[in-house]
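Q: This structure is in structure tokens; I'll ask about it shortly.
Number of protein chains: 2
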Amino acid sequence: MVGVGPGGPEDLTPRARRALEEADLVIGYRTYVDLVSTIIAGKEVRAYPMKSELERAEAALDAAARGRQVALVSSGDPGIYGMAGPVLEMLGELPGEDGNETAETLQVEVIPGVTAASAAAALLGAPLMNDFAVISLSDLLTPWEVIARRLEAAAAGDLVIVLYNPASRKRTRQFSEAGRIIRRHQPGDTPVGIVRNARREEESRLITSLDAMSEQVVDMATTVIVGNSQTVLAANRMVTRRGYRL
Amino acid sequence: MVGVGPGGPEDLTPRARRALEEADLVIGYRTYVDLVSTIIAGKEVRAYPMKSELERAEAALDAAARGRQVALVSSGDPGIYGMAGPVLEMLGELPGEDGNETAETLQVEVIPGVTAASAAAALLGAPLMNDFAVISLSDLLTPWEVIARRLEAAAAGDLVIVLYNPASRKRTRQFSEAGRIIRRHQPGDTPVGIVRNARREEESRLITSLDAMSEQVVDMATTVIVGNSQTVLAANRMVTRRGYRL
Chain G
3 MVGVGPGGPE
13 DLTPRARRAL
23 EEADLVIGYR
33 TYVDLVSTII
43 AGKEVRAYPM
53 KSELERAEAA
63 LDAAARGRQV
73 ALVSSGDPGI
83 YGMAGPVLEM
93 LGELPGEDGN
103 ETAETLQVEV
113 IPGVTAASAA
123 AALLGAPLMN
133 DFAVISLSDL
143 LTPWEVIARR
153 LEAAAAGDLV
163 IVLYNPASRK
173 RTRQFSEAGR
183 IIRRHQPGDT
193 PVGIVRNARR
203 EEESRLITSL
213 DAMSEQVVDM
223 ATTVIVGNSQ
233 TVLAANRMVT
243 RRGYRL
Chain R
3 MVGVGPGGPE
13 DLTPRARRAL
23 EEADLVIGYR
33 TYVDLVSTII
43 AGKEVRAYPM
53 KSELERAEAA
63 LDAAARGRQV
73 ALVSSGDPGI
83 YGMAGPVLEM
93 LGELPGEDGN
103 ETAETLQVEV
113 IPGVTAASAA
123 AALLGAPLMN
133 DFAVISLSDL
143 LTPWEVIARR
153 LEAAAAGDLV
163 IVLYNPASRK
173 RTRQFSEAGR
183 IIRRHQPGDT
193 PVGIVRNARR
203 EEESRLITSL
213 DAMSEQVVDM
223 ATTVIVGNSQ
233 TVLAANRMVT
243 RRGYRL
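These protein sequence lines are chains G and R, in that order.
Everything in the first sequence is counted per our numbering, starting at 3 for the first residue and increasing by one.
Everything in the second sequence is counted per our numbering, starting at 3 for the first residue and increasing by one.
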């Protein structure tokens, strides 16, 4: 499982690049595979549509069990809402011995990458200087009540909150609802940073406030960072103070 | 501000490497500067002891204002408990115009890296497949009551919890206290992963339980990941289920 970071080859670690170069089969969601197209040129590639995580995991394990050297590509970090989970869960359910390569003998490695929280924070300033929570607003796999309870808990604990997957084409209600939940615990002028397409074409970023955030258009390529009580604007950037005496 | 990731050059993005190569002055905590010694060989280097964050920030801004191309090195990601905050706070307080390079004209960039949460998670399996909190146990800059309240909130919200800076030579009480706080909300057999020196010499990792975690030795080079209600052992690794139906 190879994390390719937020954008192109500039954000890819040498460890991840080597795994791509050494692979004889590359599997991944089409958009992610495209991010590293120059590196994997000439290799066998199986690009999948969204929401085919289990198919991708199964294809990768099947091919690896047949001796292929597989790179399963995730954007950002495969260990954060990525493909590492489904693959390892599936690997844990494979039979232990069947005369072939199995769970014990397959070499499976997670190669981390720069996750969206880091990429977005860097473009906004330094909002993650203090404790924070990372919460996905996608309720495809997690019930909304669970997500709402986590937003409530994180805001009550004065954690900075990073929102992954704030909206999709069909799922638009959760972003403004998340704002309302956090607003119960944080003032309306709390800085909120919104980054879209970090390190890709059409990258954009803006800093707004908790009260105004729901007016912004967000999508699956957007990461949102909601500040806490220590977050301020400094040098036109969003900074969470850690407590140094300047 | 350049994030060099958890270990050596294998974990450094090309963007970060280029910033190091183009710098004519490298500033940083000695241990972090040593991680990239092969890349910065021959350059002017100012290596500092721990707890000199403000001195490092001031030295970097002073040199940049005098026209130097400075790389201020952080391990992991400078945007997560790193040097990005103090530098931008200080930059925000510089006078706007004094005939020299000032806050408006200084080019300051945060180059993210693979943070310790990602590096540790990758070595443990896939514990960060669902929502999580990142909490530092260092009470040098944040009062312990604030940290305790955040641990309580994160555990009550069933977030996976990543502990940074679990202990130092002089600060040893917080780790077991954190375990007791989380234990009020999670069962004692909740998986806990402990990674020391990720991607460096003497790397070690183990998976234990919430009830047993305080028996382990941890230090400033250790990252601890405490699972949530969905975290299980699969294929000898720590995996947080996201809800796929296998």
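Every residue, glycine too, gets a C-beta built ideally from N, C-alpha and C.
1. Nearest-angstrom Cα distance between R:S39 and G:T174?
2. Tell me the DSSP secondary structure of G:G159 in three-state form.
3. Since G:D13 meets chain R, which of its residues come closer than 7 Å, beta carbon to beta carbon?
4. Here's the rule: buried if 16 or more other CB atoms are within 10 angstroms of the residue's CB, otherwise exposed. What is G:L54?
5. To the nearest angstrom, report how far apart G:Y34 and R:T242 are at their CA atoms.
6. Using the Cβ count rule (16 or more neighbours within 10 Å means buried), how would you classify R:D191?
7. Please report the straight-line C-alpha distance between R:R186 and G:L248, rounded to a whole angstrom.
8. Taking just the CA atoms, how far does R:P145 sit from G:A65?
9. Taking C-beta pairs closer than 7 Å, name the residues in chain G that R:L90 reaches, listed in chain order.
10. Could you check whether the Cβ of G:T192 sits closer than 7 Å to any Cβ belonging to chain R?
11. If the cut is a Cβ gap below 8 Å, which residues of chain R does G:V4 touch?
12. Run the CB neighbour count on G:T107, radius 10 Å, all protein chains shown included, and call it buried at 16 or more, exposed below.
13. Can you give the Cα-Cα distance for R:E205 and R:A122, rounded to whole angstroms?
14. Is it the case that the Cβ atoms of G:I184 and G:G195 are separated by a distance below 7 Å?
15. Taking the continuous beta strand (DSSP E) assigned at R:G195, which residues delimit it?
16. Sort out for me which residues DSSP pairs G:L27 with in a bridge.
17. When burial is assigned at 16 or more other CB atoms within 10 Å of the CB, is R:L142 buried or exposed?
18. Rounded to whole angstroms, what's the CA-CA distance from G:R20 to G:I137? Just pull it up for me.
19. Expressed to the nearest angstrom, what Euclidean distance is found between the alpha-carbon atoms of R:V148 and G:P129?
20. What are the start and end residues of the beta strand (DSSP E) that includes G:I137?
21. Quick check on DSSP: helix, strand or coil for R:G101?
22. What separation, rounded to the nearest whole angstrom, lies between the Cα atoms of G:P168 and R:R48?
23. Within the same chain, show all residues whose beta-carbon is closer than 7 Å to that of R:Q232, passing over the 5 residues directly before and after it, in chain order.
A: In this structure, then:
1. Along the second sequence, read from residue 1 onward, the residue named residue 39 of chain R stands at position 37. Along the first sequence, read from residue 1 onward, the residue named residue 174 of chain G stands at position 172. Those two C-alpha atoms are separated by around 48 Å.
2. As a position in the first sequence, residue 159 of chain G is number 157, starting the count at 1. Coil.
3. Walking along the first sequence from the start, residue 13 of chain G turns up at place 11. Those are T15 and R17, listed as they occur along chain R.
4. The residue given as residue 54 of chain G occupies position 52 in the first sequence. Reading off the sequence shown, one finds Ser at residue 54 of chain G, where the question assumed Leu. Counting Cβ neighbours within 10 Å, G:S54 comes out exposed, since fewer than 16 surround it.
5. Translated into the one-based positions of the first sequence, residue 34 of chain G becomes position 32. Translated into the one-based positions of the second sequence, residue 242 of chain R becomes position 240. G:Y34 and R:T242: Cα-Cα distance of roughly 23 Å.
6. Your numbering for residue 191 of chain R matches position 189 in the second sequence. Exposed, since its Cβ has fewer than 16 Cβ neighbours within 10 Å.
7. Here residue 186 of chain R is taken as the residue at index 184 of the second sequence, counted from 1. Here residue 248 of chain G is taken as the residue at index 246 of the first sequence, counted from 1. Approximately 38 Å between the Cα atoms of the pair.
8. Within the first sequence, numbered from 1, the residue matching residue 65 of chain G stands at position 63. Within the second sequence, numbered from 1, the residue matching residue 145 of chain R stands at position 143. The straight-line gap from Cα to Cα measures roughly 51 Å.
9. As a working note, residue 90 of chain R is residue 88 in the second sequence. The answer, in chain order, is G127, A128, A236, A237, R239 and V241.
10. For the purposes of this step, residue 192 of chain G is taken as the residue at position 190 of the first sequence. No, its Cβ sits nowhere closer than 7 Å to a Cβ of chain R.
11. Here the question's residue 4 of chain G lines up with position 2 in the first sequence. Within chain R, no residue comes near G:V4; the closest Cβ sits about 11 Å away, beyond 8 Å.
12. Within the first sequence, numbered from 1, the residue matching residue 107 of chain G stands at position 105. Answer is exposed; the Cβ neighbour count stays below 16.
13. For this step, residue 205 of chain R is matched to residue 203 along the second sequence. For this step, residue 122 of chain R is matched to residue 120 along the second sequence. Distance between the alpha carbons of R:E205 and R:A122: 10 Å.
14. To locate residue 184 of chain G, count along the first sequence from 1; it is residue 182. To locate residue 195 of chain G, count along the first sequence from 1; it is residue 193. In this structure, G:G195 does not lie closer than 7 Å to G:I184 by Cβ.
15. Along the second sequence, one-based indexing puts residue 195 of chain R at 193. Residues P193 to R198.
16. Translated into the one-based positions of the first sequence, residue 27 of chain G becomes position 25. Per DSSP, G:E46 and G:V72.
17. For the purposes of this step, residue 142 of chain R is taken as residue 140 along the second sequence, with counting starting at 1. By the neighbour-count rule (16 or more Cβ atoms within 10 Å), R:L142 is not buried but exposed.
18. One-based indexing of the first sequence puts residue 20 of chain G at position 18. One-based indexing of the first sequence puts residue 137 of chain G at position 135. Each residue's Cα considered, the two are about 31 Å apart.
19. Your numbering for residue 148 of chain R matches position 146 in the second sequence. Your numbering for residue 129 of chain G matches position 127 in the first sequence. Straight-line Cα distance between these residues: approximately 18 Å.
20. Reading the first sequence from its first residue, position 135 is the one you call residue 137 of chain G. Segment F134 to S138, the beta strand (DSSP E) holding G:I137.
21. For the purposes of this step, residue 101 of chain R is taken as the residue at position 99 of the second sequence. Caution applies to R:G101, whose pLDDT of 42 falls short of 50 and renders its modelled position unreliable; the value that the coordinates give is listed next. Coil.
22. Locating residue 168 of chain G in the first sequence gives position 166, where the first residue counts as 1. Locating residue 48 of chain R in the second sequence gives position 46, where the first residue counts as 1. Between G:P168 and R:R48, the C-alpha separation is close to 42 Å.
23. Position 230 of the second sequence, counting from 1, holds the residue named residue 232 of chain R. Once the five neighbours on either side are set aside, the close Cβ partners of R:Q232 are N132, T242 and R243.
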